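Peer 1:
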Amino acid sequence: FVEEAELPPDDAEVRRAVAVHEAGHAAMAILDSQGKNVPDYCSIVPGSDFKGVVTDSIAYCASLGDRTTFADFRHRIRIRLAGRAAEELAFGPENISTGAGGDLAGAWKRAFTAFAHWGFAPDMTSHESSASNLGVVVGDPTASERARLEDLIRRYLADEYRRVHAMLAAHRPLVDAITDRLLSDAIVDQGQLLELSRRYGCA
Numbered sequence: 003f004v005e006e007a008e009l010p011p012d013d014a015e016v017r018r019a020v021a022v023h024e025a026g027h028a029a030m031a032i033l034d035s036q037g038k039n040v041p042d043y044c045s046i047v048p049g050s051d052f053k054g055v056v057t058d059s060i061a062y063c064a065s066l067g068d069r070t071t072f073a074d075f076r077h078r079i080r081i082r083l084a085g086r087a088a089e090e091l092a093f094g095p096e097n098i099s100t101g102a103g104g105d106l107a108g109a110w111k112r113a114f115t116a117f118a119h120w121g122f123a124p125d126m127t128s129h130e131s132s133a134s135n136l137g138v139v140v141g142d143p144t145a146s147e148r149a150r151l152e153d154l155i156r157r158y159l160a161d162e163y164r165r166v167h168a169m170l171a172a173h174r175p176l177v178d179a180i181t182d183r184l185l186s187d188a189i190v191d192q193g194q195l196l197e198l199s200r201r202y203g204c205a
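Per the working numbering, the very first residue in the sequence shown carries number 3; after that it's consecutive.
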């Protein structure tokens, strides 16, 4: 989960915005997995094409095996949306940065694949709802298929964003604690994230 570099890393306001954004990603990985996906590390050290990064737990990824379930897909979507949601919580809707653009593009592409080619539906809570999108696209989608899929994706991402925002708001102390740690130590490792998540009852 990386953001395109746009401003100098020594700008205190930018550093805080990046820290909040990455804290959102890290907190959501922990919260949405019930403490199973504590990132190996998160960082606000910029690279050639990003301002900060959060890496999944290698052990968690290995535990999933080769198959992707709807729960795995949803987990990835929620992590991608969490950087923007954390910014909104910290700074308000009018001060969300452009840093989430790459996250949103990635979420859109993943949702398109899930709904177009995997036969997932936005709501998979029952066999009736899971059967609502079984007509997978073979080859390139037609104009009508693309329009239908885009409507599904827009509504799904909006619904998930609301859930992510609510989850982070309910666990704001964890998001703030990760943010503060990133501002004092630009690289926060898994052990530190685990200690913070336990302190706030999230792992």
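Idealized CB from N, CA, C, for every residue including glycine.
Being a predicted model, the structure only gives us computed values, none of them experimental.
(1) Counting along the chain, where does the alpha helix (DSSP H) carrying isoleucine 60 start and finish?
(2) Using the DSSP secondary-structure output, state which residues sit across from valine 140 in a beta bridge.
(3) Could you check whether the stretch 185-196 touches the stretch 30-49, counting it as contact only if at least three pairs of C-beta atoms, one from each stretch, sit closer than 8 Å?
(4) Along the alpha helix (DSSP H) that carries valine 56, what are the first and last residues, could you check?
(5) Can you tell me which residues form a DSSP beta bridge with cysteine 44?
(6) Could you check whether the stretch 82-90 touches the stretch 24-32, counting it as contact only if at least three pairs of C-beta atoms, one from each stretch, sit closer than 8 Å?
(7) Would you check if the distance between the CB atom of leucine 159 and the CB atom of alanine 113 is smaller than 8 Å?
(8) Three or more C-beta pairs under 8 Å: does that hold for the stretch 113-124 against the stretch 144-155?
(9) Once the 5 residues before and after arginine 165 are set aside, which same chain residues still bring their CB inside 8 Å of it?
(10) Nearest CA to the CA of alanine 172: which residue from Gln192, Glu147, Asp42 and Gly203?
Peer 2: Let me spell this out:
(1) First-last of the alpha helix (DSSP H) with isoleucine 60: 60-66.
(2) Answer by DSSP bridge pairing: none, since valine 140 is not bridged.
(3) Verdict: yes, contact present.
(4) Counting along the chain, valine 56 falls outside any alpha helix (DSSP H), though it belongs to the beta strand (DSSP E) covering 55-57.
(5) Answer is Val56 and Val190.
(6) Output reads yes: the stretch 24-32 touches the stretch 82-90.
(7) A contact, by the Cβ cut-off of 8 Å.
(8) Counting C-beta pairs with one atom in each stretch, the stretch 113-124 and the stretch 144-155 have three or more that are closer than 8 Å, which means they touch.
(9) Excluding residues within five positions, the ones whose Cβ falls inside 8 Å are Arg80.
(10) Comparing Cα positions, the closest option is Gly203.
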